[in-house]
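Presented below is the structure to which this report refers.
There are 2 protein chains.
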Amino acid sequence: MKKISDKVIGRLSLYRRILRETLILGTRKLFSYQLANSAGISAAQVRQDLMILGYMGSPTQGYDVHGLLECIEEFLDDPAGQSVALVGIGNLGRAILDYFSGRRPNLSIDAAFDINPEKTNGVIHSCRCYHLDQLLQVIEEKGILTAIITVPADQAQGVADRLVRAGIRGILNFAPVRVKVPPDVFVQDIDIAMVLEKVAYFSRPK
Amino acid sequence: MKKISDKVIGRLSLYRRILRETLILGTRKLFSYQLANSAGISAAQVRQDLMILGYMGSPTQGYDVHGLLECIEEFLDDPAGQSVALVGIGNLGRAILDYFSGRRPNLSIDAAFDINPEKTNGVIHSCRCYHLDQLLQVIEEKGILTAIITVPADQAQGVADRLVRAGIRGILNFAPVRVKVPPDVFVQDIDIAMVLEKVAYFSRPK
DNA sequence: TAGATTGTTAATCGATTAACAATC
DNA sequence: TAGATTGTTAATCGATTAACAATC
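Taken in order, these protein sequences are the chains called A and B.
In this text, residue positions in the first sequence follow my numbering: the first is 5, and each later residue adds one.
In this text, residue positions in the second sequence follow my numbering: the first is 5, and each later residue adds one.
So this is what it looks like as structure tokens:
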């Protein structure tokens with residue numbers, strides 16, 4: 005499999021959602037420009053992405069919604085399903101647990117960790133909570149490869165180190181610091197404060 | 005003022021935080037590669053960004069932390085301060101309200117809206133809550149230009165339309181749909197589910 | 001067939017990095 | 001001065017868009 009940029013993967017995930025909705029509406033065929041319009045990008049981009057995927061549309065007919073959706077699912081999903089760990093049961097952590105609770109069969113947050121004993125040993129939004137000390141053991145036992153960091157900035161690096169030691173291969177980091185990890189561990193940062201500052205900048209009268 | 009990409013603005017916001025922390029540690033001078041290292045980017049990038057900004061470092065000495073920080077603040081901040089509105093007081097909305105509560109003097113969420121009357125007419129994390137029906141009036145009265153959308157996907161477009169009508173110039177959208185707005189309104193999407201799927205993809209054994 | 005959309009390559013665009021003379 | 005870092009331009013890189021023959 006050739007190397008595919010993370011932007012492409014993001015767009016495929018976007019196409020998937022659009023295709024699901026399209027299917028629910030009962031539409032069977034879709035043109036590249038229709039998909040592009042919903043995704044907010046160019047039709048050429050869509051065609052190129054689907055080409056990478058190897059899925060073929062037909063001239064005049066466009067793409068078969070059902071077939072394309074299956075193709076993307078097969079590409080994006082692990083057939084065995086994937087478990088995710090979340091570290092930091094604060095407001096944001098809870099919001100994310102709630103959002104993903106039972107929503108996708110193939111991707112679920114199966115363990116949450118915190119240092120505060122009052123927050124652990126319970127179940128939040130159907131996710132089991134553990135003390136941070138159990139991180140290594142639980143993650144190894146469950147074979148979890150993906151983690152979400154929602155701890156304060158000053159604890160993020162320590163948590164990332166532990167996660168890597170436990171075998172985590174990909175991290176979604178909400179803490180406003182860049183965590184240092186080995187080059188083969190994928191890290192995606194979401195810095196909400198930074199993004200809000202950016203939006204505020206561009207919403208000012210110039 | 006020449007046109008500056010949103011990526012540059014994001015990096016400047018990042019530099020600001022790093023500089024603040026640096027200043028707290030008592031460090032007075034900083035080289036481009038040190039800033040670059042903390043920000044997780046190349047030194048050349050940092051130098052180019054600061055050049056755009058017009059701030060000059062000195063060979064051998066590097067950049068003056070205090071002076072550079074002031075320069076970035078002046079560039080990014082509206083001296084009068086900026087108010088932000090949040091629409092959708094769910095788990096994520098609450099988490100964001102909590103996160104920004106009193107944290108920055110120059111950028112604060114001053115109004116939150118929801119359709120559920122039980123959630124409105126109160127104060128959450130020191131932010132006044134209103135019913136969605138009051139959106140136009142409150143935003144115009146307070147002169148708010150920036151908004152955060154944390155409503156479900158099917159309500160996002162309707163909310164965006166109202167926001168634009170109320171005079172909003174920039175939107176941070178957490179709903180998993182692309183909202184259509186006039187071309188002069190800045191929209192930044194944060195699609196947490198999509199990003200998590202992306203991270204999950206890259207954390208799979210290849 | 002005529003018309004429209006596709007797969008695929010080439011052209012464009014923008015962002016990032018490298019290089020190096022200038023300078024403290 | 002010698003050494004290191006800067007400002008600034010050129011080179012590289014990658015991603016996006018345009019173009020067009022192939023095809024249903």
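For glycine and all other residues, C-beta sits at the position ideal for the given N, C-alpha and C.
- Excluding the 5 residues flanking it on each side, A/D193 has same chain C-beta neighbours closer than 6 Å at N177, in chain order.
- Sequence-distant Cβ neighbours of B/S87 in its own chain, meaning closer than 6 Å and more than five residues away, are D114, K146 and I148.
- In this structure, DSSP gives A/G71 a helical state, which the three-state scheme calls helix.
- Listed in chain order, the non-local C-beta contacts of A/S46 below 8 Å within the same chain comprise A40, local neighbours out to five positions each way being set aside.
- Shown here for A/L16: same chain residues with a beta carbon closer than 8 Å to its own, the five before and five after excluded, namely D53, L57, I76, F79 and L80 in chain order.
- When DSSP reads this structure, A/S87 sits in a beta bridge with A/S112.
- Uninterrupted alpha helix (DSSP H) stretches at least 4 residues long and entirely within the stretch 5-29 of chain A occur at 10-28, given in chain order.
- Residue contact check for A/M198 against chain B: a CB pair falls below 9 Å.
- Distances from the CA of B/D137 to each of B/I152, B/H129 and B/A116 were compared; the closest alpha carbon is that of B/A116.
- With a minimum length of 3 residues, the unbroken runs of beta strand (DSSP E) contained wholly in the stretch 134-161 of chain B fall at 150-153.
- Residues of chain A whose Cβ lies closer than 9 Å to the Cβ of B/Y59 do not exist, since the nearest Cβ in that chain is about 17 Å away.
- The C-beta of A/D53 comes no closer than 9 Å to any C-beta of chain B.
- Using a Cβ-Cβ cut-off of 9 Å, B/E201 counts as an interface residue toward chain A, since at least one Cβ of chain A sits closer than that to its own.
- The beta carbon of B/A151 sits closer than 8 Å to the beta carbons of V88, A89, L90, V91, I143, L167, I172, G174, I175 and L176 from its chain, once the five residues preceding and following it are set aside; these are given in chain order.
- In the displayed model, A/F79 falls within a helix according to three-state DSSP.
- Fewer than three beta-carbon pairs drawn from the stretch 55-74 of chain B and the stretch 118-127 of chain B are found closer than 8 Å, and the two stretches are therefore not classed as touching.
- In chain order, V69, H70 and L73 place their CB closer than 8 Å to the CB of A/L27, counting only its own chain and leaving out the 5 sequence neighbours on each side.
- Close partners of B/T150 in chain A (Cβ separation under 8 Å): L200, V203, A204 and S207.
- A/I128 is positioned such that its CB atom lies closer than 9 Å to that of A/R98.
- Collapsing the DSSP output to three states places A/V181 in coil.
- Proximity of chain A to B/G44 at the Cβ level (cut-off 7 Å) is accounted for by R182, in chain order.
- DSSP links A/V127 through a beta bridge to A/R132.
- Comparing C-alpha distances from B/P180 to each of B/P186, B/I22 and B/E201 shows the shortest one belongs to B/E201.
- Residue A/Y37 holds the alpha-carbon nearest to the alpha-carbon of A/I22 among A/Y37, A/C133 and A/D10.
- At a cut-off of 9 Å between C-beta atoms, B/R32 does not count as an interface residue with respect to chain A.
- In terms of beta-carbon proximity, A/F117 stays away from the interface with chain B, with every pair separated by 9 Å or more.
- Bounds of the alpha helix (DSSP H) holding A/Q49 are A47 to L57.
- The criterion of a C-beta distance shorter than 9 Å is satisfied by A/N95 and B/D102.
- When rounded, the separation of the alpha-carbon atoms in B/P156 and B/S42 is 36 Å.
- Boundaries for B/Q65: no alpha helix (DSSP H) harbours it, and the DSSP string shows neither H nor E there.
- Within chain B, V203, F206 and S207 have C-beta atoms less than 7 Å from the C-beta of A/F190, given in sequence order.
- Here A/I153 really is in contact with A/A164; their C-beta atoms are around 7 Å apart, less than 8 Å.
- If you check each beta-carbon in the stretch 60-90 of chain B against every beta-carbon of chain A, the ones closer than 8 Å belong to L80, D82, Q86 and V88.
- DSSP, read as helix, strand or coil, puts A/D102 in helix.
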